[in-house]
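These notes concern the structure reproduced below.
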Ligand SMILES: *Cc1c(COP(=O)(O)O)cnc(C)c1O
């Protein structure tokens, strides 16, 4: 499934559009069904922020996923795509009173600080309701199993446990906890021990509560292959370990739902970005191929070049979701069989920073040829500054389960 796209559909759509995204529902559904089969006791949420296209949302929710919403707007998008409020978990730092007001009766709010709990309490009291909420916790164990660290996300574990023990908010019920520390992990052992640590934390919180937690949301972390030599996450191995840990936990707390969130895992490899060559030139012996709508249409490859260019030692830390790694995207010249040449792929913006890839080996491209970029299903259209320079933005197209193309 990695790096596969429907060439015929891309070829066909390139007759109508100069640059476009293509998300393939057939691949999304295959990925989701595979995931569900390995984690039968886990409830999955889709992280809307990675790709909020309305058709993608509908498809993912139709396969049984709930929503992980990062804003009040994403709560509304999930409602519009057919979910009910019980299936939408709204977790983000710095929610405003307006955000809380708009989502308190149409989602499960995950409070991100003590101040926010107080604001939710005040708003719930004003509405004369009791709100079931979750609390995001900054655990005292790190993702890799070391000591925890300070964070802008959540409430420190020690404080959260004290709060669970002593606090009394008449209009709030603590229904669950949420932890999320990292994205894009490809090592199943690292991930499974992280999830086990979250379940240990859940036991500690549970120790301070009279009633069982309704949910434990263990966050995300499942990575996807980007570079050609990335070893895909062993999802079978991870599923086995997580199922085992969850069944031990649910023997003790049968009514607690265990949740995992994922965005990119289900859509990241299921989308491509296609654009066209607008010009080519030779300057001081160097060949440039100019493409339409690159930094401003699909920013991640260009961001990757910027980061690498400014990291002389190449010991790069991932900065998800803006930057993953060197060579995280493949550039495919569609239907081009010319001789291989070494070129810089650049964009048509009036900035020298609009560089897609340097010194790539690719068949000789001519004006009008189509270049397809892989791994464009997640953090792609949503991250890209399409207003910049007022170019016509790329369209987003969806291949349905029947193989039809829709906007
Ligand atoms: C962004 C985010 C995710 C999704 O991360 P992926 O790497 O796309 O799976 C999940 N949970 C939270 C809380 C997030 O902020």
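Residue numbers (the working numbering): 4 to 410. All C-beta atoms in this analysis are idealised placements derived from N, C-alpha and C, irrespective of residue type, glycine included.
Checklist entry - In chain order, what residues of the same chain have a beta carbon less than 8 Å from the beta carbon of residue 103, not counting five sequence neighbours either side? => result Counting only residues of its own chain and dropping the five nearest sequence neighbours on each side, residue 103 has a CB closer than 8 Å to the CB of 112, 119, 122, 123 and 126.
Next on the checklist: Given this structure, state the Cα-to-Cα distance separating residue 10 from residue 175, to the nearest angstrom.
Outcome noted: When rounded, the distance between both Cα atoms is 53 Å.
Checklist entry - Between 405, 400 and 322, which lies nearest to residue 17 when the distance is taken from Cα to Cα? => result Considering only alpha carbons, the answer is 400.
Next on the checklist: Here's the rule: buried if 16 or more other CB atoms are within 10 angstroms of the residue's CB, otherwise exposed. What is residue 303?
Outcome noted: Burial call: buried.
Checklist entry - For residue 4, does the three-state DSSP call read helix, strand or coil? => result Model confidence at residue 4 stands at a pLDDT of 43, short of 50, so the residue's coordinates are unreliable and nothing is read from them.
Checklist entry - In angstroms, rounded to a whole number, what distance separates the CA positions of residue 8 and residue 147? => result Answer to the nearest angstrom: the Cα atoms are 35 Å apart.
Item to check | Cross-strand partners of residue 136 (DSSP beta bridge) | outcome: Residue pairing of residue 136 in beta bridges, as defined by DSSP: 177.
Item to check | Collapsed DSSP secondary structure at residue 392 in the structure displayed | outcome: Helix.
Checklist entry - In terms of alpha-carbon separation, which member of 61, 334 and 196 lies closest to residue 345? => result Nearest option by C-alpha distance: 334.
Next on the checklist: Since residue 105 and residue 230 should fall inside the 8 Å C-beta cutoff, what is the C-beta to C-beta distance between them, to a whole number of angstroms?
Outcome noted: That pair is no contact at about 40 Å.
Checklist entry - By a C-beta neighbour count over all protein chains shown, 10 Å radius and 16 as the cutoff for buried, is residue 198 buried or exposed? => result Its Cβ being crowded by 16 or more others within 10 Å, residue 198 is buried.
Checklist entry - Mapping DSSP to helix, strand and coil, what is residue 120? => result Three-state DSSP puts residue 120 in a helix.
Item to check | Contact test: residue 267 Cβ vs ligand 1 heavy atom, cutoff 7 Å | outcome: Taking the Cβ of residue 267 as the reference point, at least one heavy atom of ligand 1 falls within a distance shorter than 7 Å.
Checklist entry - Which class does residue 172 belong to by DSSP, given the choice of helix, strand or coil? => result In the structure shown, residue 172 sits in coil (DSSP, three-state: anything other than H, G, I, E or B).
Checklist entry - What three-state label does DSSP hand residue 86 in the structure shown? => result It is coil, neither helix nor strand.
Checklist entry - Do residue 63 and residue 49 have their CB atoms nearer than 8 Å? => result Cβ atoms of residue 63 and residue 49: closer than 8 Å.
Checklist entry - Looking at residue 177 and residue 212, is the spacing between their C-beta atoms short of 8 Å? => result Going by beta carbons, residue 212 and residue 177 fall inside the 8 Å limit.
Next on the checklist: For residue 216 and residue 180, I'd like the C-alpha separation in whole angstroms.
Outcome noted: In this structure, the CA atom of residue 216 is about 8 Å from the CA atom of residue 180.
Checklist entry - How about residue 385 and residue 55: do their beta carbons lie closer than 8 Å? => result The beta carbons of residue 385 and residue 55 sit closer together than 8 Å.
Next on the checklist: Whether or not the segment 375-389 and the segment 313-326 are in contact is what I'm after, with contact meaning three or more pairs of Cβ atoms, one per stretch, closer than 8 Å; do they touch?
Outcome noted: Three or more Cβ pairs drawn from the segment 313-326 and the segment 375-389 lie within less than 8 Å of each other, which places the two stretches in contact.
Next on the checklist: DSSP has residue 260 in a bridge; who is on the other side?
Outcome noted: BP columns for residue 260 point to 218.
Checklist entry - Based on Cα-Cα distance, which residue from 297, 257, 195 and 99 lies nearest to residue 391? => result Minimum Cα-Cα distance from residue 391 among the listed residues 297, 257, 195 and 99 corresponds to 297.
Next on the checklist: For a quick check, are the C-beta atoms of residue 82 and residue 109 less than 8 Å apart?
Outcome noted: Taking 8 Å as the cut-off, the beta carbon of residue 82 is found closer than this to the beta carbon of residue 109.
Item to check | Counted within 10 angstroms of its Cβ, other Cβ atoms place residue 21 as buried (16 or more) or exposed | outcome: Burial state of residue 21 is buried, judged by a 10 Å Cβ sphere holding 16 or more other Cβ atoms.
Item to check | Alpha-carbon spacing of residue 273 relative to residue 133, whole angstroms | outcome: The alpha-carbon atoms of residue 273 and residue 133 are separated by roughly 41 Å.
Checklist entry - Where do the N-terminal and C-terminal ends of the beta strand (DSSP E) with residue 45 fall, by residue? => result Taken as a continuous stretch (DSSP letters only), the beta strand (DSSP E) holding residue 45 covers 45-50.
Checklist entry - DSSP puts residue 188 in a beta bridge; with which residues? => result Bridge pairing for residue 188: 225 [DSSP].
Next on the checklist: For residue 227, which residues in the same chain have their Cβ closer than 7 Å to its Cβ, ignoring the five residues on either side in sequence?
Outcome noted: Apart from sequence neighbours up to five positions away, the residues of its chain that approach residue 227 with a beta-carbon distance below 7 Å are 267, 268, 271 and 272, ordered along the chain.
Checklist entry - Taking DSSP as the reference, what is the three-state secondary structure of residue 347? => result Here residue 347 sits in strand by DSSP.
Checklist entry - On the three-state DSSP scale, how would you describe residue 200? => result In the structure shown, residue 200 sits in a helix (DSSP, three-state: H, G or I).
Next on the checklist: Tell me whether residue 73, by its Cβ, gets closer than 7 Å to a heavy atom of ligand 1.
Outcome noted: Checking every heavy atom of ligand 1 against the Cβ of residue 73, one is found closer than 7 Å.
Checklist entry - CB of residue 179 to nearest heavy atom of ligand 2: below 7 Å? => result Judged by which ligands are present, ligand 2 is missing from the structure shown, whose ligands are ligand 1.
Checklist entry - Taking only runs of the beta strand (DSSP E) that begin and end inside the segment 62-109, which ones reach a length of at least 3 residues, in chain order? => result Qualifying beta strand (DSSP E) stretches, in chain order: 69-72 and 91-94.
Next on the checklist: Nearest by alpha-carbon distance to residue 136: which of 294, 167 and 362 is it?
Outcome noted: Ranking 294, 167 and 362 by Cα distance to residue 136 puts 167 first.
Next on the checklist: When you compare the segment 242-261 with the segment 341-356, are there three or more beta-carbon pairs, one atom per stretch, that lie closer than 8 Å?
Outcome noted: For the pair of segments examined, the segment 242-261 was found not to touch the segment 341-356: the number of CB pairs separated by less than 8 Å stays below three.
Checklist entry - Per DSSP, which one or two residues make a beta bridge with residue 1? => result Because residue 1 is not part of the residues shown, which for the chain are 4 to 410, the question remains open.
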